[in-house]
Amino acid sequence: MTPLPARAMLVGMTIPASPIAPQVSLDTIERRLSETVWPSLESVCFHTFERTLNAFTRYKVGEEHFSSVTGYGHDDLGRQVTDAVFADALQAEAALVRLQFASGTHALSVALNGCLHHGHVMLSLTGHPYDTLEEVIGLRGDNPQSLVAKGVIYKETDCFATGEFSTHTVIKEKQLLASAQVLYIQRSRGYSLRPAMTIDQMERLIQAVRQVNPTAVILVDNCYGEFTDYNEPTAIGADLMAGSLIKNPGGGIVPAGGYIAGRSDLVEACASVLTCPGVGSKGGYTFELTRTLLQGLFLAPSTVKEALKGMSLAAAVFGEMNFEVTPAWQDTRSDVIQVIHLKTAKNLVQFCQQLQQVSPINSGVMPIPAVVPGYGDEVVMAGGTFIDGATLELSADGPVRPPYTVFLQGGLTYAHTRLAVQKLMDVVQ
156 MTPLPARAML VGMTIPASPI APQVSLDTIE RRLSETVWPS LESVCFHTFE RTLNAFTRYK
216 VGEEHFSSVT GYGHDDLGRQ VTDAVFADAL QAEAALVRLQ FASGTHALSV ALNGCLHHGH
276 VMLSLTGHPY DTLEEVIGLR GDNPQSLVAK GVIYKETDCF ATGEFSTHTV IKEKQLLASA
336 QVLYIQRSRG YSLRPAMTID QMERLIQAVR QVNPTAVILV DNCYGEFTDY NEPTAIGADL
396 MAGSLIKNPG GGIVPAGGYI AGRSDLVEAC ASVLTCPGVG SKGGYTFELT RTLLQGLFLA
456 PSTVKEALKG MSLAAAVFGE MNFEVTPAWQ DTRSDVIQVI HLKTAKNLVQ FCQQLQQVSP
516 INSGVMPIPA VVPGYGDEVV MAGGTFIDGA TLELSADGPV RPPYTVFLQG GLTYAHTRLA
576 VQKLMDVVQ
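According to the working numbering, the sequence shown is numbered sequentially starting from 156.
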């Protein structure tokens with residue numbers, strides 16, 4: 156989840172421990188996870204890391220690529236090799252990796268604008284998109300730069316309409332499917348309570364819709380999902396995907412930016428939207444951060460694994476404490492988000508306050524619920540991260556309304572998440 160744009164905090168408060176000590180053994184749960192779930196996470200990590208390392212060696216990355224050129228950024232060898240290495244690691248023909256992307260939403264906006272024109276139909280296959288895309292598409296507000304304002308027709312269907320994944324709901328909309336130029340898939344759950352889409356499910360969905368519309372561009376919002384499975388969406392039939400570098404592929408160290416990856420013609424079309432026609436992917440300063448971009452990618456498979464281990468621990472612990480969790484500890488994970496229904500407003504607020512206290516940055520401030528523009532309820536969030544808004548770092552947020560759900564995500568190291576969970580067990584009941 157992207158941390159929200161406003162926070163209300165007090166300084167110097169402490170969180171009282173729950174009067175009822177939970178009878179949960181972290182050691183016992185860790186033994187169970189180490190025998191069941193964690194070996195598969197290690198296997199995915201090894202596979203994706205090997206692919207990433209092979210990309211570095213294939214393109215012979217050297218120290219000379221760490222230097223940037225100034226001005227227009229023409230003939231920047233580091234930028235060129237970064238695009239190539241990212242594309243290879245993400246199983247795509249081409250990639251556009253740029254610090255100029257302000258967010259994952261910006262990368263998705265550029266991707267959509269690169270693929271859609273007046274009179275085109277965009278069909279979401281995963282229901283209503285994440286809140287931040289509403290204004291991009293034109294579902295909220297009256298921005299003249301929205302897709303709808305430019306003449307794009309937006310429609311949606313939902314493969315999770317029944318609460319479980321099914322291609323049937325989508326395939327029965329044959330006329331709508333056949334009319335679309337872009338078929339849009341959101342991999343992660345966002346703020347919804349449906350599960351994240353696994354790569355296996357996505358492959359089944361893509362194969363099914365291709366039977367009806369073989370020419371549409373399939374565009375995937377890949378935020379929170381990179382390196383959580385053996386393959387990326389572009390390896391199983393997606394034409395294009397986009398995401399944020401302060402999430403998974405930045406490895407926890409890239410300070411800003413995003414990427415678009417997929418078919419080379421589509422990536423270049425998107426580059427012309429980000430810069431301008433005639434410049435495309437051939438220009439743009441890299442701010443002497445090429446080394447950081449590449450090092451972040453190199454670290455990403457291992458850092459994502461650490462986050463997934465931590466989220467599986469949180470699922471097991473809070474599930475054993477009789478809170479409803481999704482995904483469950485034994486479920487396949489396709490993003491780095493853990494949902495916990497905390498039952499009461501007090502639990503939700505104290506959970507976020509305690510997490511803030513065990514964060515490396517801003518541990519001395521206290522989150523309190525606040526009204527945030529664009530949301531109908533007060534929201535509380537904890538985000539003591541090195542990089543503002545970085546959700547590969549351990550953070551949490553949730554709307555203060557029943558069932559008082561907290562969206563816990565990230566964790567650069569398993570040790571940090573374990574220590575946090577140990578503290579969090581004492582403040583909810």
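Think of the CB as a built atom: it goes at the ideal place given N, C-alpha and C, for glycine as much as any other residue.
Note that the structure is a prediction, hence the values are computed from the model and not measured.
Worksheet item: What's the gap between the Cα of V561 and the Cα of G345?
Response: Numbered from 1 along the sequence shown, position 406 holds the residue referred to as residue 561. Numbered from 1 along the sequence shown, position 190 holds the residue referred to as residue 345. Using only the alpha carbons, I get a separation of about 12 Å.
Practice prompt. Closer than 7 Å by C-beta to A333: which residues in its own chain qualify, once you throw out the five before and the five after it? Chain order, please.
Written response: The sequence position of residue 333 within the sequence shown is 178, counting from 1. V367 and N368.
Worksheet item: DSSP state of R446, grouped into three classes?
Response: Numbered from its first residue, the sequence shown carries residue 446 at position 291. Helix.
Worksheet item: Between the C-alpha atoms of S279 and I523, what's the straight-line distance to the nearest angstrom?
Response: Indexing the sequence shown from 1 puts residue 279 at position 124. Indexing the sequence shown from 1 puts residue 523 at position 368. In a straight line, the C-alpha of S279 is about 35 Å away from that of I523.
Discussion item. Output needed for F315: all residues of its chain with C-beta closer than 7 Å, excluding positions within five of it in sequence on either side, in chain order.
Written reply: Locating residue 315 in the sequence shown gives position 160, counting from the first residue. For F315, where only same-chain residues beyond five positions count, the Cβ hits under 7 Å are T281, G282 and R349.
Worksheet item: What are the start and end residues of the beta strand (DSSP E) that includes T481?
Response: The count along the sequence shown starts at 1 and reaches residue 481 at position 326. Element bounds for T481: E479 to T481.
Discussion item. Can you look up E311 in the DSSP assignment and give me helix, strand or coil?
Written reply: Sequence index remark: in the sequence shown, residue 311 carries index 156 (1-based). Per DSSP, reduced to three states, the secondary structure at E311 is strand.
Practice prompt. Reducing DSSP to helix, strand and coil, say where L348 ends up.
Written response: Translated into the one-based positions of the sequence shown, residue 348 becomes position 193. Note: L348 maps to coil in three-state DSSP.
Worksheet entry | Nearest neighbour of L468, chosen from A424, G439 and L579 [CA to CA] | Within the sequence shown, numbered from 1, the residue matching residue 468 stands at position 313. For the residues A424, G439 and L579, the minimum Cα distance to L468 belongs to L579.
Worksheet item: Between which two residues does the alpha helix (DSSP H) containing V240 stretch?
Response: Position 85 of the sequence shown, counting from 1, holds the residue named residue 240. Unbroken alpha helix (DSSP H) run through V240: L232 to A244.
Worksheet item: Which residues bound the alpha helix (DSSP H) around V325?
Response: Along the sequence shown, read from residue 1 onward, the residue named residue 325 stands at position 170. Run containing V325: H323 to I326, per the alpha helix (DSSP H) assignment.
Worksheet entry | Beta-carbon proximity of R342 to A335, cut-off 8 Å | Here the question's residue 342 lines up with position 187 in the sequence shown. Here the question's residue 335 lines up with position 180 in the sequence shown. No.
Practice prompt. Note down, in chain order, each residue of its chain lying with its Cβ closer than 6 Å to the Cβ of L245, except the 5 sequence neighbours on either side.
Written response: Position 90 of the sequence shown, counting from 1, holds the residue named residue 245. Around L245: E387 and A416.
Fill in: Nearest neighbour of T370, chosen from E219, G566, S518 and V276 [CA to CA]
Position 215 of the sequence shown, counted from the start, is the residue given in the question as residue 370. Ranking E219, G566, S518 and V276 by Cα distance to T370 puts V276 first.
Item to complete: Note down, in chain order, each residue of its chain lying with its Cβ closer than 8 Å to the Cβ of L188, except the 5 sequence neighbours on either side.
Response: Walking along the sequence shown from the start, residue 188 turns up at place 33. Counting only Cβ-Cβ distances below 8 Å, and skipping sequence neighbours, we find K464, S467, L468, A471 and W484.
Fill in: CA-to-CA distance, A411 to P515, given in whole angstroms
Your numbering for residue 515 matches position 360 in the sequence shown. Your numbering for residue 411 matches position 256 in the sequence shown. Distance between the alpha carbons of P515 and A411 is about 19 Å.
Worksheet item: Is the segment 246-260 touching the segment 435-455 in the sense that three or more CB pairs, one from each, lie closer than 8 Å?
Response: yes
Discussion item. Give me, in chain order, the residues of the same chain whose beta-carbon lies closer than 8 Å to that of E381; leave out the 5 immediate sequence neighbours on both sides.
Written reply: Counting from 1 along the sequence shown, the entry for residue 381 is found at position 226. Around E381: L245, E387, G398, K402, N403, P404, A455 and V459.
Worksheet item: For the alpha helix (DSSP H) that R213 lies in, which residues bound it at each end?
Response: For the purposes of this step, residue 213 is taken as residue 58 along the sequence shown, with counting starting at 1. R213 -> alpha helix (DSSP H) spans W193 to R213.
Worksheet item: In its own chain, which residues sit with a C-beta less than 6 Å from the C-beta of V491, not counting the 5 before and 5 after it?
Response: Here residue 491 corresponds to residue number 336 of the sequence shown, with the count starting at 1. The answer, listed in chain order, is Y379, A462, Q564 and G565.
Discussion item. With distance defined between alpha-carbon atoms, name the residue in V199, Y440, P432 and F256 nearest to I354.
Written reply: Against the sequence shown, residue 354 aligns to sequence position 199. When each option's Cα is compared against that of I354, the closest is V199.
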